[in-house]
Amino acid sequence: MVSDSVPAALIPSAANTKNLGKKKRTNRSAKLKQNKIEARREQWLSQGSVKSKGCKDVIDSDGHELPLSSGNHGKRPLEQLETRHRVEEDDGLIHQHSDSESPANSPTGNDSGTNFTGSSGSSSGSSSSRSSSSYSSAGCCSGNITEEDDDEEEEGGGEEEGDDGCLDDWEAVADALAANDKRQNPCSDSPPSHGDESVVQMASSNCEDPNRGPNSGSRNLKPESANLVPWTGNCRAWRADDAFRPQSLPNLSKQHSLPISDRRCGGGVLWSRSAMPSSCPICCEDLDLTDTSFLPCLCGFRLCLFCHKRILEEDARCPGCRKPYECEAVVETEPSVLGGSLTLRLAR
Amino acid sequence: MKTSSGGAGGGRPSSSSAPTYSWAPTTSVSASGKRIHREMVELNNDPPPHCSAGPKGDNLYHWIATIIGPPGTAYQGGIFFLDIIFPSDYPFNPPQVVFKTRIYHCNVGTDGHVSLGMLKDGWSPALTITKVLTAIRSLLTNPDPYNAVVPGIAHLYLENKAKHDLVAGEWTARFAK
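Sequence order for the protein chains is A and B. Taking the UniProt record's numbering, I'd label the letters of the first sequence as residues 1 to 348. Taking the UniProt record's numbering, I'd label the letters of the second sequence as residues 1 to 177.
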């Protein structure tokens with residue numbers, strides 16, 4: 001129900017069909033993310049009232065970069081709206097449909113909106129329903145979270161408060177924490193940097209501009225982690241995988257960077273698993289698929305087709321059991337099929 | 001300059017004049033080379049007892065092997081050297097094994113050729129030099145007088161094994177130590 005409705009809502013709003021597929025994949029985890037984000041927001045709201053400083057700073061940073069400045073101004077009310085929507089979330093599917101179109105209005109809204117909804121899934125409907133202005137606000141919130149040290153603690157509290165607390169949420173929190181650490185200490189980086197980037201994107205998914213900030217920072221880290229190629233190529237691809245992020249990111253990068261070796265290893269493993277000789281015992285050449293499926297003798301002695309043919313031309317005995325191959329029919333049929341030249345050879 | 005161009009020119013015409021002839025052997029040689037190389041590696045990793053073998057020099061197709069006379073036989077304590085010559089189509093045709101050390105044995109010709117079914121009609125491409133050496137060593141332990149290449153020795157072996165062993169021991173002491 002939920003998962004179906006979300007993509008349906010997204011299709012009209014999101015210009016990118018690519019994102020849709022990714023969204024579908026990541027819906028579950030995205031929901032969790034969204035829960036986390038919401039929890040953060042609550043925390044942030046509570047803290048935001050206390051900490052006016054940090055909020056302002058964040059707003060400023062976002063405000064500079066964001067083309068959708070209107071959203072920033074409306075932060076407070078929007079957040080309140082968010083809380084309301086959260087209450088409405090149960091009904092929220094409808095809201096999603098109606099509201100999700102609004103992000104399309106803003107130029108950057110497409111990207112940020114799609115990302116956000118995609119990452120957040122059904123529960124994100126509430127956030128998406130907050131309207132375009134709520135985007136920026138949400139972005140700011142998330143941006144704050146990722147950027148502020150205190151937010152980590154807040155997140156933990158928020159999780160508990162939000163009753164979202166499944167194990168998955170905890171994973172998400174852990175990831176977010178790692179991400180925060182990363183960002184704060186860009187120098188200390190490389191392995192967690194994957195998670196960092198992804199988390200940052202997830203958290204700040206609403207605003208592209210905040211993404212740029214962290215991206216630029218994280219790109220410095222990327223070359224070390226060898227994610228550079230996929231990253232620069234398409235951020236969204238990674239964003240879609242962000243749901244799985246820490247595990248999947250490095251794996252993918254490995255596959256891209258070392259495809260040949262992986263394949264080789266895999267093939268070797270397969271061969272060894274099947275207890276097949278990896279190479280022809282006669283000529284020591286590697287057996288290909290045809291050869292491995294070729295069982296010329298009942299004794300089970302395998303050899304490559306070339307050697308088999310050669311032996312047929314000579315004594316036609318199985319090297320393993322020394323019994324003559326029962327391939328006379330084959331030998332006989334060959335000349336008729338292939339014509340006179342072969343018959344001549346066989347005659348010799 | 002001239003020599004290099006001449007060499008290249010000389011090489012190409014020869015191949016072009018008889019392309020099938022010159023290429024077919026080379027391909028088979030490379031295939032047999034791979035097989036021989038693998039046998040060499042395996043033999044080095046897991047040598048058969050009291051045997052050793054390896055290429056004589058740079059030529060992968062010419063090996064030299066040693067077999068230590070099995071204890072409890074007339075050949076005990078002897079070290080017998082053998083030449084192994086692989087044919088270019090090696091796995092499909094048996095290697096040629098020749099005793100370079102003189103040995104009094106009914107299955108070893110006066111020229112050193114070993115009469116062993118495995119090296120003739122009994123050859124199988126699945127056999128390896130390791131198995132050949134093991135078979136030859138077992139032949140030292142148990143001669144096969146009924147398929148002998150030296151009838152006199154076979155006769156003596158069948159009629160008077162003690163004398164046969166005595167002579168064999170003398171030969172071993174004289175030639176193989």
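Using N, Cα and C, we set each Cβ at its ideal position, and we do this for glycine too.
Note to self: Taking CB distances under 8 Å as the criterion, tell me whether residue 126 of chain B reaches chain A.
What the structure shows: yes
Note to self: Give me the chain A residues within the contact set of residue 257 of chain B, using Cβ-Cβ distance strictly less than 8 Å, ordered along the chain.
What the structure shows: Missing from the structure shown is residue 257 of chain B; chain B here goes from 1 to 177 and no further.
Notebook entry, point to check: Candidates A:300, A:326 and A:285: which alpha carbon is nearest residue 307 of chain A's?
Noted result: A:285
Check: Going by beta carbon distance, what residues of the same chain come within less than 6 Å of residue 102 of chain B, once the five residues before and after it are set aside?
Finding: 175
Notebook entry, point to check: DSSP beta-bridge partners for residue 97 of chain B?
Noted result: Answer is B:84.
Note to self: Buried or exposed for residue 109 of chain A, going by 16 or more other Cβ atoms inside 10 Å?
What the structure shows: Its pLDDT being 39, under 50, residue 109 of chain A is placed unreliably in this model, and the coordinates cannot settle the point.
Notebook entry, point to check: Run through DSSP, which three-state label would residue 166 of chain B get?
Noted result: helix
Next item on the list: Determine whether the Cβ of residue 49 of chain B lies closer than 8 Å to any Cβ atom of chain A.
Entry: no
Checklist line | Cβ-based neighbour list, residue 157 of chain B, same chain, cut-off 7 Å, excluding 5 preceding and 5 following | finding: Contacts found: 106, 143, 145 and 164.
Next item on the list: Indicate whether at least one CB of chain B lies closer than 8 Å to the CB of residue 320 of chain A.
Entry: yes
Notebook entry, point to check: Could you give the distance in angstroms between the alpha-carbon of residue 87 of chain A and the alpha-carbon of residue 37 of chain A?
Noted result: Legend: pLDDT at residue 87 of chain A = 43, less than 50; position of this residue unreliable, value from coordinates given subsequently. Approximately 15 Å between the Cα atoms of the pair.
Next item on the list: State the DSSP-derived secondary structure class of residue 138 of chain B, mapped to helix, strand or coil.
Entry: Per DSSP, reduced to three states, the secondary structure at residue 138 of chain B is helical.
Notebook entry, point to check: Roughly how many angstroms separate the alpha carbons of residue 288 of chain A and residue 304 of chain A, rounded to a whole number?
Noted result: 8 Å
Notebook entry, point to check: Whose Cβ in chain B lies nearer than 8 Å to the Cβ of residue 301 of chain A?
Noted result: Close partners of residue 301 of chain A in chain B (Cβ separation under 8 Å): 126.
Check: So with Cβ pairs under 8 Å, would you call residue 31 of chain B a contact of chain A?
Finding: yes
Item checked: Contacts of residue 179 of chain B in chain A (Cβ-Cβ under 7 Å) -> Chain B is shown from 1 up to 177; residue 179 of chain B falls before or after that span and cannot be answered.
Margin query: Would you say residue 24 of chain B lies against chain A (beta-carbon separation less than 8 Å)?
Written below: Confidence is the limiting factor: at residue 24 of chain B the pLDDT is only 40, short of 50, which leaves the residue's position unreliable, though a coordinate-based value still follows. No, its Cβ sits nowhere closer than 8 Å to a Cβ of chain A.
Check: For residue 68 of chain B, which beta-bridge partners are listed by DSSP?
Finding: B:79
Margin query: Just to confirm before moving on: does the CB-CB distance between residue 78 of chain B and residue 161 of chain B stay below 8 Å?
Written below: no
Check: Which residues in chain B sit within 8 Å of residue 314 of chain A, going by Cβ to Cβ distance?
Finding: Chain B residues near residue 314 of chain A: 92.
Check: Going by DSSP, what residues sit across from residue 286 of chain A in a beta bridge?
Finding: A:279
Margin query: Does any residue of chain B have a CB that is nearer than 8 Å to the CB of residue 307 of chain A?
Written below: yes
Next item on the list: Starting from the C-beta of residue 35 of chain B, find all residues in its chain whose C-beta is less than 7 Å away, skip the five residues before and the five after it, and write them out in chain order.
Entry: 90 and 91
Margin query: Within a Cβ cutoff of 8 Å, which residues of the same chain sit near residue 134 of chain B, ignoring the five residues on either side of it in sequence?
Written below: 48 and 51
Next item on the list: With residue 53 of chain B as the anchor, note down where its beta strand (DSSP E) starts and where it stops.
Entry: 51-55
Notebook entry, point to check: Which residues mark the beginning and the end of the alpha helix (DSSP H) in which residue 159 of chain B is found?
Noted result: 151-159
Margin query: So if I threshold CB-CB distances at 7 Å, which residues from the UniProt domain "UBC core" (31-177) of chain B count as touching chain A?
Written below: 31, 34, 35, 38, 91, 92, 124, 125 and 126
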